[in-house]
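Data first, discussion second: the structure below is written as structure tokens.
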Amino acid sequence: MLQNWCTHWEANSFGYWALCETIDGESEVCGFGGIMRKQVGTQLSLNLYFRLAPQVWGRGLGSAIATAALKLAFVELKEAEVLALVRPANLASRRTIERAGLRLHDTTDDVPGQEHSLIYRISSEQYAANVG
14 MLQNWCTHWE
24 ANSFGYWALC
34 ETIDGESEVC
44 GFGGIMRKQV
54 GTQLSLNLYF
64 RLAPQVWGRG
74 LGSAIATAAL
84 KLAFVELKEA
94 EVLALVRPAN
104 LASRRTIERA
114 GLRLHDTTDD
124 VPGQEHSLIY
134 RISSEQYAAN
144 VG
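If you count the sequence shown from 1, you need to add 13 to reach my numbering.
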């Protein structure tokens with residue numbers, strides 16, 4: 014997975030970021046997130062992603078990652094849309110994604126034997142209306 018992320022960075026000059034926390038002078042990776050091109054459902058799109066260690070949950074870091082990633086996608090890269098893939102039971106991530114302006118768009122059967130994952134979407138026009 015990390016090799017795929019690095020390859021994406023090399024090819025596109027952007028990708029997922031590592032989030033670090035420094036405590037008592039020691040830095041520790043506490044999460045990852047950002048945007049990366051990947052297959053989401055049936056289409057290749059920019060995927061908004063964040064995954065945080067439990068000890069940093071509830072601090073707004075997912076929202077900060079989403080805000081920075083959407084700004085990169087729409088302001089710097091001039092992309093048309095961003096998607097986010099989330100498991101239905103992950104209510105905290107769904108709330109974070111929705112606060113960032115993404116809306117439920119579709120589902121995909123990506124985990125065999127499990128409930129379909131949810132695909133959220135935001136367009137550049139929706140982003141502009143949200144931040145404008």
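Quick reminder that beta carbons are idealized off the backbone N, C-alpha and C, glycines included.
Excluding its 5 nearest sequence neighbours in each direction, residue 54 has C-beta neighbours in its own chain below 7 Å: 119, 121 and 132, listed in chain order. Residue 40 sits in a strand when the DSSP states are folded into three classes.
Just measuring C-alpha positions, the residue of 83, 60 and 58 sitting nearest residue 142 is 83. The continuous stretches of alpha helix (DSSP H) do not include residue 127, and DSSP gives it neither H nor E. Rounded to the nearest whole angstrom, the CA to CA distance from residue 21 to residue 66 is 23 Å. Taking C-beta atoms as the reference points, residue 99 and residue 107 count as a pair closer than 7 Å. As the crow flies, the alpha-carbon of residue 29 is around 15 Å from that of residue 90.
If you ignore the 5 residues before and after residue 40, its C-beta comes within less than 6 Å of the C-beta of 33, all in its own chain and listed in chain order. Counting along the chain, the unbroken alpha helix (DSSP H) around residue 138 starts and ends at 137 to 144.
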